[in-house]
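Residue numbers (our numbering): 618 to 721.
For every residue, glycine included, the Cβ atom is placed at its ideal position computed from N, Cα and C.
Values in this document were obtained by computation on a predicted structure and should not be read as measured data.
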């Protein structure tokens, strides 16, 4: 039951045992995973801190305000924004915020 719960919780559909590893089986499972395109939130690829920054962007806060709220520097906020933009494949704060709001 515990294994089924973990598989479901983390969207795991297969695993390979190290002792029985076969390259062809591995390649086959990777291809199958690509075909399945397991559905999850687009925001799942963000770290927890990036999600916090994104939430504050969605509220219309400035980098300075975000930094103060999260007790980090504005440069750190900028690094998080860069990572968020890359991961969500957007180029603006408003596009990132739109994706965040769309997930709610």
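Task: Beta-carbon proximity list for residue 663, same chain, < 7 angstroms, skipping 5 on both sides - done: Cβ neighbours of residue 663 beyond the five flanking positions: 671, 701 and 704.
- [ ] Flag this pair as yes or no: are the beta carbons of residue 675 and residue 714 separated by less than 8 angstroms?
- [x] Closer than 8 angstroms, so yes.
Task: Uninterrupted alpha helix (DSSP H) stretches inside the segment 652-698 (no shorter than 4 residues) - done: Taken in chain order, the unbroken stretches of alpha helix (DSSP H) that lie wholly in the segment 652-698 and span 4 residues or more are 665-675 and 680-687.
TODO: Can you tell me which of the three DSSP states residue 638 falls into?
DONE: Coil, per DSSP.
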